[in-house]
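*Asks:* Count along the sequence shown from 1, then add 46; that gives the number in the numbering used here. Please read through the structure below; I'll follow up with questions.
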Amino acid sequence: MRFLSSLLSLLSWRVIAAGVTVTERLLLAAMLGPSRLGTFGIASGTIAILSRWLSFGATPAAQYAGGRQTGSTPPARAVLLYGTLVAFAALAICWLATPLIAGMVFGDKSEALEIFVFLRPWLPVLIVGMTLSLFLLGQGRIKIYGALQVLPELGFLAVLVTFWLLGRDLEGALWGQVTAWAVLGVVALAANRSALTGGRLSRRSLTEVSSYGVRAWPLVFLQFGIARVALLVGARFVGSEALGHYVLASGLADALTLFPGLVGQLVFNAAGRPGPGVRELAFRAIRLSTVALLLGATVVALVGKPLFVLAFGQPYAPAWLVLVVLLGTTVCRGTFTLLIALLSGRGRPGLSNVAQMVELTTLLVLVPIGAIRFGVVGMAGAAVVASVAGLVTAALLVGRLEGARVTEVLLVRSEDWTVLRRRLDELVRRPKLEARNAD
């Protein structure tokens with residue numbers, strides 16, 4: 047019951063965030079045009095992936111620490127110290143590696159490099175903000191974590207609108223992105239204020255947080271490498287305009303994963319807690335989420351094109367085919383995220399690494415081939431093939447760990463719908479019963 051109520055609370059926030067994000071994408075696409083959207087997307091996307099790759103597992107360590115706190119004071123100071131240390135280490139590494147990144151990712155796209163250099167100093171703010179926000183989620187502070195999904199995007203949109211009215215398009219995109227990261231960091235820090243001011247820094251807590259972070263780091267490296275590697279690897283082989291089409295399509299496809307992303311975070315929290323029924327709860331969440339993803343992707347593919355062209359205009363019409371192809375990746379990767387969350391919550395991040403390595407290796411091999419032969423559609427097709435490979439591997443590993451068949455993990459059952467209806471009915475009735483008892 048608590049799982050479902052937490053999910054619905056988070057989902058309401060993420061739906062709002064998704065609406066703000068889509069509005070933001072519409073305005074950004076209109077302001078920048080396909081070519082400049084491509085250069086902005088590859089630069090900001092590179093910063094985003096470096097914030098994960100160079101975080102040394104700070105975000106999963108923070109969520110783990112928040113969910114496994116002992117005593118009355120959570121290890122907030124240890125989480126903040128570890129997150130801050132790795133954030134500035136990440137900035138130093140990023141600074142030194144800029145020439146290498148420019149050659150490998152940006153190629154001859156000089157404007158993308160300029161945008162990257164502008165955004166680079168804000169990397170520590172992003173890492174610390176993500177770390178503290180996941181610490182809130184680990185503690186079960188669902189409402190404030192949900193608000194942190196919305197407030198940064200609102201900040202981005204407000205700055206974007208302001209600069210659009212001033213006719214300063216690229217500056218609006220740059221300062222909007224910076225504002226979003228700053229809002230995330232400031233609000234997350236303020237929300238953890240009481241935990242940070244109470245108690246003291248424990249060496250044991252710091253050791254536990256850093257130890258878990260280092261162990262989970264390969265998982266973070268692989269998971270967020272997979273999410274962006276098609277764009278990073280393929281950028282050298284396509285023009286800026288085609289890249290803009292891919293950036294728009296991939297951003298919209300990612301928006302469809304908000305539901306499994308939320309479920310995955312709750313599965314991670316639940317999987318690490320002892321108690322009966324945890325396995326079946328996780329399996330049911332995975333099965334029902336897969337069905338929701340399939341239905342959502344099918345509806346978008348069948349009826350979405352006229353609305354897409356109306357919203358973004360003819361300059362972005364070629365992005366529709368890319369989006370339709372990427373819907374396959376959305377379905378597979380959404381379910382894959384849940385399976386990985388279960389493995390990690392069970393304390394087996396090594397198994398997660400195996401599944402992610404399969405997908406990442408497939409991407410690294412197929413994306414350059416697809417980009418050279420078929421452009422951004424080929425990049426999208428390579429991403430679909432890789433996501434299928436990763437999903438199958440993850441399902442086999444979960445089945446082996448839990449002693450279950452793959453069909454038990456992935457295929458929805460009739461009792462799933464019965465349990466879902468009963469839980470929803472209980473959720474609707476509970477406020478009425480509480481009001482009646484209060485009277």
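Glycine included, C-beta positions come from ideal geometry on N, C-alpha and C. All values derive from a computational prediction rather than experimental measurement.
In chain order, what are the residue ranges of uninterrupted alpha helix (DSSP H) at least 4 long that sit wholly in the region 121-196?
*Replies:* Those alpha helix (DSSP H) runs which fall completely within the region 121-196 and span 4+ residues are 122-142, 144-147, 156-165, 169-184.
*Asks:* Which residues mark the beginning and the end of the alpha helix (DSSP H) in which L356 is found?
*Replies:* It spans 351-358 - the alpha helix (DSSP H) in which L356 sits, taken as one unbroken run.
*Asks:* Please return the same chain residues whose Cβ sits closer than 6 Å to the Cβ of L230, not counting the five positions on each side in sequence.
*Replies:* Counting only Cβ-Cβ distances below 6 Å, and skipping sequence neighbours, we find G175, P198.
*Asks:* Whether or not the region 157-167 and the region 76-86 are in contact is what I'm after, with contact meaning three or more pairs of Cβ atoms, one per stretch, closer than 8 Å; do they touch?
*Replies:* Verdict: yes, contact present.
*Asks:* Have a look at A357 and L72 and give me their C-alpha separation to the nearest angstrom.
*Replies:* If I take the Cα positions, the gap works out to 7 Å.
*Asks:* Can you tell me whether S257 is buried or exposed, with buried defined as 16 or more other CB within 10 angstroms of its CB?
*Replies:* Classification for S257: exposed.
*Asks:* Residues in its own chain within less than 7 Å of T225 by CB, not counting five upstream and five downstream?
*Replies:* These residues qualify, in order along the chain: G201, F202, V205.
*Asks:* Go through its chain and collect everything with a Cβ distance to I190's Cβ below 6 Å, but skip five positions before and after it.
*Replies:* The residues are L182, A237.
*Asks:* Which two residues bound the contiguous alpha helix (DSSP H) that contains V284?
*Replies:* Neither: V284 is in no alpha helix (DSSP H) and is coded neither H nor E.
*Asks:* Going by Cα to Cα distance, which pick from F152, V151, L126, S101 is closest to E138?
*Replies:* It is worth fixing the name first, because residue 138 is Ala in this sequence and not Glu. That would be S101, whose Cα lies nearest to the Cα of A138.
*Asks:* Classify P352: buried if its beta carbon has 16 or more other beta carbons within 10 angstroms, exposed otherwise.
*Replies:* Its Cβ having fewer than 16 others within 10 Å, P352 is exposed.
*Asks:* Measuring CA to CA, which of R274, V430, E287 is closest to G297?
*Replies:* Closest by alpha carbon: R274.
*Asks:* If you compare alpha carbons, which of V438, D215, L180 is closest to T113?
*Replies:* For clarity, residue 113 is Gly in the given sequence; the question names Thr instead. With distances taken between Cα atoms, G113 lies closest to L180.
*Asks:* Please list, in chain order, all residues of the same chain as L389 whose beta carbon is under 6 Å from its beta carbon, the five residues on each side excluded.
*Replies:* Closer than 6 Å at Cβ, skipping near neighbours: L397, S398.
*Asks:* Between V368 and L211, what straight-line distance do the alpha-carbon atoms span, to the nearest angstrom?
*Replies:* So the alpha carbons of these two residues sit roughly 31 Å apart.
*Asks:* For A219 and L289, what's the separation of their Cα atoms in angstroms?
*Replies:* Answer to the nearest angstrom: the Cα atoms are 17 Å apart.
*Asks:* Would A343 and S251 qualify as a contact pair, given that the criterion is a beta-carbon distance under 7 Å?
*Replies:* No.
*Asks:* By alpha-carbon positions, which one of L443, P121, P361 ends up nearest to V452?
*Replies:* Nearest C-alpha to V452: L443.
*Asks:* Are the CB atoms of A417 and V255 nearer to each other than 7 Å?
*Replies:* Contact flag unset, no.
*Asks:* Helix, strand or coil: which one does DSSP assign to R419?
*Replies:* DSSP places R419 in helix when its eight states are reduced to three.
*Asks:* Under 7 Å, do H291 and V422 count as touching if we go by C-beta distance?
*Replies:* The answer is yes: Cβ separation under 7 Å.
*Asks:* Do you know how far the Cα of I173 is from the Cα of V151?
*Replies:* Rounded to the nearest angstrom, the two C-alpha atoms are 22 Å apart.
*Asks:* Between A234 and L178, is the Cβ-Cβ spacing less than 7 Å?
*Replies:* In contact: A234 and L178 (Cβ atoms closer than 7 Å).
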